[in-house]
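Residue numbers (this note's numbering): 18 to 137.
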């Protein structure tokens, strides 16, 4: 299957996980396509000063792949810089937040995978 993501509309979500500003989101896979293996596969964009607030993962884990821009990741209470090409892994039971403290948009691919998903 090939999905042309250029045709997917970007939507705005304000104060994601109580974070500052707004998150712009393209849902790359719909619920019908998930088949209970993944919970989320989105392309996200954070304007300067915007953030995804701190949240903890329960029964899933998340991958962020930074497509462009720079920011600061709160990785279980430790603040770390992130930039283009970085892959961030947040395990089941761990928490994180992401702040765009740069001057350009921060774009990333976010994938949340269910812990109990079965692989064929």
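Just so you know, even glycine gets a beta-carbon here, dropped at the ideal spot from N, CA and C. Treat the numbers as computed from the prediction; the structure is a model and nothing was measured.
**Report entry** Uninterrupted beta strand (DSSP E) stretches inside the stretch 79 to 116 (no shorter than 3 residues)
**Finding:** 87 to 92, 95 to 100, 104 to 107 and 112 to 116
Report task. Determine which residues share a DSSP beta bridge with residue 30 and list them. Result -> 40
**Report entry** Three CB pairs or more closer than 8 angstroms across the stretch 89 to 106 and the stretch 24 to 35
**Finding:** no
Query - Through-space distance from residue 127 to residue 61, alpha-carbon basis - result: 7 angstroms
**Report entry** Rounded separation between residue 79 and residue 131 - CA only
**Finding:** 9 angstroms
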